[in-house]
Every structure is written in structure tokens, then in C-alpha cells.
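Structure record follows, encoded as C-alpha cells.
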Amino acid sequence: MAASTLGGGAFALVCWLVLKMTSLPAFNTSMVTRALATAGTAMVLVITGVLAFLWVRSSRDPGPRPMWLRVITNLVCHLSPAALVVTALAVPLAATRLFLDGIQVDQGFRSQFLTRMATTLANQDMNYVDMPSYYPMGWFWLGGRLANVLNVPGWEVFQPWAIVSIAAAGSLLVAVWQRLTSSLPMATAIALVTVCIVLVTTPDEPYAAVVAMGAPAAVAMARPAMRGSWFATAGIMVFLGISAMFYTLFTGATALAIVLIALVNALVRRSFTPILHLAVIGVGSVLIALISWGPFLFAALSGAYELESTANHFLPSEGTELPLPFLAPSVVGILCFCGLLYLVVRARTDQARNFLVALAAFYLWCIASMLAPLVGTSLLGFRMEVMVTLMFTTLGVIALGRVAHLDLRRFYPQGVSERTGRIVLTVAAVIMVASGVSYAQGIPEHNEDKLDHAYRDTDGHGERGDRYKADAGSSFTGVNEHLLQQGFDPNDTVVLTDETRFLSFFPYHGFNAFTSHYANPLGEFSQRNATIREWAESSWDDNSDPAAFRSALDNAPWRAPDVFVFRGDASDAENGWKTHLAEDIFPNQPNVRYDAVFFNPAVFADESLWNVEQVGPFVVVTSHA
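Reading the sequence shown from the start, the letters are residues 10 to 634 in the working numbering.
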């Protein structure tokens, strides 16, 4: 399994490095990368399909398989998910440094986290200074290490690390499912389908995608675990523990499924064994998760913080409907329908029952999320779509695999010859591969808007991937150079600004997060927002004197800003310099409202306290204190 994981990740990384040596045109201005992506995807799936077909057919022949077939098929099958990630994701992104969705709202925060992790080995919040992280840091910490190896900024490692991590997870699935099903072709099919699903449903959240990819396998491992297998128990424990350091929502949903599976198995089998193994899974996974969560929990329990979190304050239209992928008029819909039939036909078996319980848990999560706004929150139930879809598609692949392994002569001994059986198998293989190509070749088109942002947004070097003129973000490098010339260390400098992209590209600490949804509960977001508003308003009256304003900053309960980055004109002393404050207005959708506040330039007029510089459209105010 380790070899599959490392091999898939290394293969994807090498391919990414090769692609970065090319001069391919931008995705949003040319069809070249689309054509290359389709050609590559088709070749990956056809070659893998042919080898898998030969593998299955040879199992019906007397004697062992040829050595060349064993070696080549194992190599190709284990690397095929990584190759698919390269063709469907890395190729369309070859001419830009940014990842899907560019530096848009959520990607800005994720880029900020990677930028922070690339500068430290410690557990640190992405924004606030001297504070442990609230958001799971596992994926971002590992990404920071890759940034160090590649010698690139944290934001720039987002793209390769996303590609490498999804590729590694996909290759790992081949090894895991081969052990669970004892079939290399079936394991490969499950892994390839899983990769396709996550690249369509959650490609811009790779840390969530890799957790979702492992959820069906965790449910499948529950069967031997509930029967007393300590190896399977350890597998679930490690998966939940590590996933809790990556993405807690999917971890929580999977953990709920495992708990319900254990309870159902204990009742059906009238045995305490499932409860014992559940306890071991729970304790072990929590201990692993504390590697990431421990510092935050300790600070929250031992400090005098006014904790608040609005991370779940989001209910889009997708969250108002239950995911029913088996009714979709598509290849995935047909596969999910096969999975549904498999559940119905095999409902009395332990494996099918466990998947039914897991699906029930996910649907309950969705329904609870729809009811949660009545108490002022949500459970982000719309995220369960990928989990539900992966469950059904996995079952669909298993169902088709079981059918493909059937010998038709057992049912029609007089009417089906060996040759006819081979023809049926061949036709089935061709249809499956063609269906896979049909779906997978559409991945870049499905992600077209996200890919366009990756090329149109200005990156941390002040450039656009499509080589068109950059926006105001091109001035961020000038802001950073100015601060460095003033002697500021980015890792020990607090900046008050609403220019979140600046904090995404350079590892300065923000005085406050831009929205409460990504703010650390220890950061006291609302109180800081109120303080910023008070500073802005008082700068025109009570604290209009520079010394009084400086005193107001120093008397705040948090470390005062060392730098202000405003929008405005440094020579305009009348209209003020602008920044924005974000306010959570859930359950409304959109769930955030932005208010502009203006600071009086006069409070920064004392040159013994402040230095004022115009950098592009930004007024950069630095403290001499």
C-alpha cells in the first residue's frame, strides 16, 4: 500500500514538473490543453481497460498468467488513477501557477494556510499571530513541506500538492480495494471511478477529496472489523484519525456511519465484539487526531477566550435537496442505479447491510442539516453529495464486477459456448471503457469556470496565467518589497487589511480574518471587527489626534497592527482611506455582508509614529513603534 501511494504521488509530481517545462497555451484562450487532456485520458483508460480485460480473460485459462502480463498490469493499474489525475487536472492547469478557482474567496483562505505552513513546522493559525490552528492542518502541513522541497512559496504549491495528493490517494485505493475484493481489475475500476467523481464534485478542495475517496473503503472494512479483525479495525482507526487532521466534516459523517454499523451488527449478531472494536477505533482515532487538534483544544479549555465559530453558517440551494445520484440521466447515474440494485438484491448480506447503514447515516446528516437552521446553524449537508455518490458508484462497480465474473454456461449449459462467453465479456469490457472515457473526458469542461479563474486571477508574482494585463493584485509584490525595506519580518508582522489576496501570497499575520467563517474561534472575530469599526469612527473625532489614536491601538486586548494596507490615495486627506468589514448574516444567502469603513488620514500624519507610502492603488501605513 505504501508503494502504491508513494508511486502514484511520485508519478504525478514528475509529470507535473515535466508539464511546467512546456509552453502550452492557456486553457481559457486555446483548445490545445483540452485536446491533450482528452487524448491522455482516453489513452489511460483504454490501456488500463485492455490490460484488465486480458487479466480477467487469462483467469479462465488453465495455468498461471504470463509474467509480462502480471508485471505490466499491476504497474499500470496501480498508476492509472494518478495518470488520470494528470491528464484531467494537471494538463489543463499546465500554463498557470494557480489551482482551480484561482484565488477566489475560499481558495484565498486555503492559499493563505499553505503560505503559513510553508514558513513553519509548528501548529500555527493561518491568520492570527501566536495562535494554534483551528482548521485541520494535516494536508496543509504536508503541502508546506512539499513547498520547501520544491523551493516555491506556499500559495504556489497548492496546484502540485493538490494533484499529487489526489493521485496518491487514488493509487492507494487500488491496493486497498484489491485486498478487500481480491480482484485487481475491480479495485482499479473503483479507484478510477472514485477519482472521476471527486474531480467533478469536489476538485477545488483536495484535502476533502482525499478523505471522501477513502470513505467507502472504511465502510467496507467495517465488515471484517465487526467480526473481530484487528487489522481491519486498525485500518479504520488510522483512516479516521488521519482524516480528522484533513477534513472533519467527512470524518464526522464517516464516524457516525461506523458507530451505527457497530450498533446494528451488535444487535443482529447479539455480540459485544462490534462494540469492543468500535471503542478501540474511537479511542485510537481520537489520539491520532489530537496531533492536530490538541493545541487548539488546550488553548480553548485553558484560556479566557470568547469562543465563536460560524464555519457552519452556510446553506446554499444544493443543501435544500437530498442527493439521489441513481436517478441522474448520465453514466454515473446508471452506475449508481446498479449500486442501488446491488443493495436491494444483496440486502441480507453483512456487506450490503453495512453500506445501507452508512447511506442512512449520510442521508440523516443531510436532513439534520436542513433542520439545523432552526437553531441558527447548519451541518453543511450539501457536502454529502460526493459521499453518497461514491457509495453508490463503488457498489455499482462491485455489482458489475460480480456479473462479469459469472460463467454464463452455469445458467445456460446447452446454449452458451466458451466462445460466446468470451464475446459477451469483450462487449461488456468495451462498453465499460467507452462509458468511462465518455465521462472522464468531460472533467475539464465541467471545471471550466474554475479553470478560467486559475488563468484570469493574478498570482503572487503579479502575473496572470493567460498573460493578459493583471489587476490591482500586481501591486502586492511592491507592497511586500516596501515592507521588507522597512525592516518588517512577514512571520512577525500584523497587518490590518481587507486585501486577503495579499495575505494569501505573503506570510504576514492578519489583525482579523476577513470573514468569520474561516476565522479561528480563539481569534474573537466579532470583537475585533467591532474594535476596527471603533478605531475608524473615532479617528474622525475622539481619537483624531495621532497620539490618541496610537494609544487606542495599544490599549486593545490584542496585538496592535504593525501595518495598515488601505484602498485610497495617500494625498487625499479628506475622503479617508478605506477597508472593509465582513458580517455574518446567516441564514440569509449570500451569508456575508461587507461594510466599508474609512480611517482619517490625519491620525497617521505624525512621521515619528507612522510612515505612509502609496503603492499602486494601496496606501501602505507602517508603524515606527
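Ideal Cβ positions, reconstructed from N, Cα and C, are used throughout, including at glycine.
Two segments are said to touch when three or more pairs of C-beta atoms, one from each, lie closer than 8 Å; by this definition the stretch 46-53 does not touch the stretch 70-77.
Of all alpha-carbon atoms in Ser89, Asp578, Thr242, His589, the one lying nearest the alpha-carbon of Ile175 is that of Ser89. Look at the beta carbons and you see the stretch 76-85 not touching the stretch 126-145: under three pairs across the two are nearer than 8 Å. Between Gly163 and Ala127, the C-beta gap is smaller than 7 Å, which places the two residues in contact. The beta-carbon separation of Ala611 and Ala569, rounded to 19 Å, does not stay under the 8 Å limit for a contact. Nearest to Asn600 by C-alpha distance, out of Leu22, Leu249, Leu324, is Leu324. Here Asp134 carries a coil assignment [DSSP, helix/strand/coil]. Shown here, Ser632 sits in a strand according to DSSP, grouped into three states. Taking a cut-off of 8 Å for Cβ pairs, the stretch 377-395 and the stretch 357-366 do not touch, as fewer than three such pairs fall below it. For Phe371, the enclosing alpha helix (DSSP H) begins and ends at 359-380. CA-CA distance, Trp567 to Ala184, rounds to 50 Å.
Beta-bridge analysis with DSSP links Glu622 to Val629.
At the C-beta level, Ile245 and Ile284 stay beyond 7 Å of one another. Listed in chain order, the non-local C-beta contacts of Leu265 below 6 Å within the same chain comprise Ala370, local neighbours out to five positions each way being set aside. Closest in C-alpha terms to Gly471, from the list Tyr477, Arg465, Leu460, Ser483, comes Ser483.
Looking at the DSSP output, Asp604 bridges to Leu590. Apart from sequence neighbours up to five positions away, the residues of its chain that approach Val219 with a beta-carbon distance below 7 Å are Ser174, Ile175, Ala178, Phe255, ordered along the chain.
By the neighbour-count definition (other C-beta atoms within 10 Å, threshold 16), Arg602 is an exposed residue.
Within its own chain, the residues whose Cβ lies closer than 8 Å to the Cβ of Ala61, once the five positions on either side in sequence are excluded, are Thr82, Cys86, Leu193, Pro194, Thr197, Ala198, Ala438, listed in chain order. Only buried fits Met393, as 16 or more other CB atoms lie within 10 angstroms of its CB. Judged by their CB atoms, Val574 and Phe627 are nearer to each other than the 7 Å cut-off. Per DSSP, the continuous alpha helix (DSSP H) segment holding Leu26 begins and ends at 11-29.
Judged by DSSP in its simplified three-state form, Thr129 adopts coil rather than helix or strand. Rounded to the nearest whole angstrom, the C-alpha separation of Gly410 and Leu155 is 38 Å. The beta-carbon separation of Pro34 and Ala104, rounded to 6 Å, stays under the 8 Å limit for a contact.
The stretch 295-302 makes no contact with the stretch 504-522: fewer than 3 CB pairs, one atom from each, lie closer than 8 Å.
Contiguous alpha helix (DSSP H) elements confined to the stretch 179-266 occur at 193-210, 215-235, 239-253, taking only those with 4 or more residues. The distance from the Cβ of His491 to that of Glu317 is about 34 Å, inconsistent with a contact at the 8 Å cut-off.
Taking a contact as a CB-CB distance under 8 Å, the pair Leu404 and Tyr464 does not count as one, their CB atoms being some 38 Å apart. In terms of Cβ geometry, Glu315 and Phe391 do not form a close pair [threshold 7 Å]. Taking 8 Å as the upper bound for CB-CB distance, Gly17 and Ala91 are in contact here, some 4 Å apart. In this structure, the CA atom of Ala408 is about 17 Å from the CA atom of Arg188. Our two residues, Asp604 and Asp563, have alpha carbons roughly 24 Å apart in a direct line. Excluding its 5 nearest sequence neighbours in each direction, Tyr448 has C-beta neighbours in its own chain below 7 Å: Cys205, Val340, Val341, listed in chain order.
Within a 10 Å sphere around the beta-carbon of Pro169 sit 16 or more other beta-carbons, which makes this residue buried. Burial is judged here by how many other beta carbons sit within 10 angstroms of a residue's own beta carbon; Ala231 has at least 16 and is buried.
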